[in-house]
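Colleague: The structure is given below, and queries will be raised subsequently.
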Amino acid sequence: DAGVTQSPTHLIKTRGQHVTLRCSPISGHKSVSWYQQVLGQGPQFIFQYYEKEERGRGNFPDRFSARQFPNYSSELNVNALLLGDSALYLCASSIDIFSTNEKLFFGSGTQLSVL
Amino acid sequence: DQQVKQNSPSLSVQEGRISILNCDYTNSMFDYFLWYKKYPAEGPTFLISISSIKDKNEDGRFTVFLNKSAKHLSLHIVPSQPGDSAVYFCAAMGLNAGNMLTFGGGTRLMVKP
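If you want it as structure tokens, here you go:
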């Protein structure tokens, strides 16, 4: 079975540009979450979607937005890129969001570099 | 405001010995804790978890201990193997948090043959 897949794996953008990152969850998983991992730090929660609805939002500016599609795949969009947006963006999926025993399965991430 | 802290950025251990990774948290609302392991160029993978109603959970070579009064948890790996070399993240989740995790900064474990 395929795991969580993210595209692209690497991306280079310049300041002020816009970027779209994509994520396909494990088959049967209805929840997708996005995390940002800056070099040397732990992942930081950005968004959570379940059944195409936003269920949680972390402490990120409005330049960050996301959505989940009917097939449960997801996009993370970042507008007006700043140098500080350079990070590894991780997508994680889970079957649902209601059980504490429900594990998150992470993709390998998209490494975004903003120049 | 770091609610989950891993104060040791790195740890070096000899193969066959015990590795102890520590994690502290400040938010009393956290009630479920997890450890993830991350290899370079891969996403974090789930290792072991513990609910706040327990003080110990064991899975093979991995044991997690929780001290709620001290707001401290630790991961013990016995015996350590070179393949355990990775970055380990402690994560916490609150009741009804719906799988939204708060991660620590990570500890890089190096197991020397």
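Residue numbers (the numbering used here), protein chains in the order written: chain S, 1 to 115; chain X, 1001 to 1113. Ideal placement from N, C-alpha and C gives every residue a C-beta, glycine not left out. Model, not experiment: these values are computed from the prediction.
Distance cutoff 7 Å, beta carbons only. Does Arg55 (chain S) sit that close to anything in chain X?
Modeller: The sequence position of residue 55 (chain S) within the first sequence is 55, counting from 1. True, the Cβ-Cβ gap to chain X drops below 7 Å.
Colleague: With 7 Å as the threshold, decide whether the Cβ of Met1029 (chain X) is near any Cβ in chain S.
Modeller: What you label residue 1029 (chain X) is simply residue 29 of the second sequence in a count that begins at 1. Output row for Met1029 (chain X): interface = no.
Colleague: Under a three-way DSSP split, which group does Asp1024 (chain X) fall into?
Modeller: Counting from 1 along the second sequence, the entry for residue 1024 (chain X) is found at position 24. Asp1024 (chain X) falls in the strand class under three-state DSSP.
Colleague: Given a cut-off of 7 Å, decide if Leu88 (chain S) and Gln37 (chain S) are closer than it, judged by their beta-carbon atoms.
Modeller: Counting from one through the first sequence, the residue named residue 37 (chain S) turns up at place 37. Counting from one through the first sequence, the residue named residue 88 (chain S) turns up at place 88. Yes, they are a contact pair.
Colleague: Name the one or two DSSP bridge partners that Glu1058 (chain X) has.
Modeller: Here residue 1058 (chain X) is taken as the residue at index 58 of the second sequence, counted from 1. According to DSSP, Glu1058 (chain X) bridges with X:Thr1063.
Colleague: Let me check you understand the geometry: is the CB of Leu11 (chain S) closer than 6 Å to at least one non-hydrogen atom of the ligand NAP?
Modeller: No copy of the ligand NAP appears in this structure; indeed no ligand is present at all.
Colleague: Note down the Cα distance separating Asp85 (chain S) from Val114 (chain S), rounded to an integer number of angstroms.
Modeller: Within the first sequence, the letter at position 85 stands for residue 85 (chain S). Within the first sequence, the letter at position 114 stands for residue 114 (chain S). Their backbone Cα atoms lie some 7 Å apart in a straight line.
Colleague: Rounded to the nearest angstrom, how far is the Cβ of Met1100 (chain X) from that of Phe45 (chain S), given a contact under 8 Å?
Modeller: In the second sequence, counting from the first residue as 1, residue 1100 (chain X) sits at position 100. In the first sequence, counting from the first residue as 1, residue 45 (chain S) sits at position 45. 5 Å between Cβ atoms; contact.
Colleague: Below 6 Å CB to CB, which residues in the same chain sit around Phe1033 (chain X) once its five sequence neighbours on both sides are set aside?
Modeller: Within the second sequence, residue 1033 (chain X) is the residue found at index 33, counting from 1. Only Ile1050, Leu1073, Ala1092 meet the Cβ criterion.
Colleague: Determine which residues share a DSSP beta bridge with Met1100 (chain X) and list them.
Modeller: The residue you call residue 1100 (chain X) lines up with position 100 of the second sequence. The partner list for Met1100 (chain X) (beta bridge, DSSP) is empty, contrary to what the question assumes.
Colleague: For Asp1059 (chain X), tell me which candidate among X:Ile1020, X:Asn1022, X:Ala1086, X:Val1078 has the shortest Cα-Cα distance.
Modeller: Within the second sequence, the letter at position 59 stands for residue 1059 (chain X). Out of X:Ile1020, X:Asn1022, X:Ala1086, X:Val1078, X:Val1078 has the C-alpha closest to the C-alpha of Asp1059 (chain X).
Colleague: Helix, strand or coil: how does DSSP classify Asp96 (chain S) here?
Modeller: Locating residue 96 (chain S) in the first sequence gives position 96, counting from the first residue. Coil.
Colleague: If I follow the unbroken beta strand (DSSP E) through His29 (chain S), where does it start and stop?
Modeller: The residue you call residue 29 (chain S) lines up with position 29 of the first sequence. Counting along the chain, His29 (chain S) falls outside any beta strand (DSSP E), and DSSP gives it neither H nor E.
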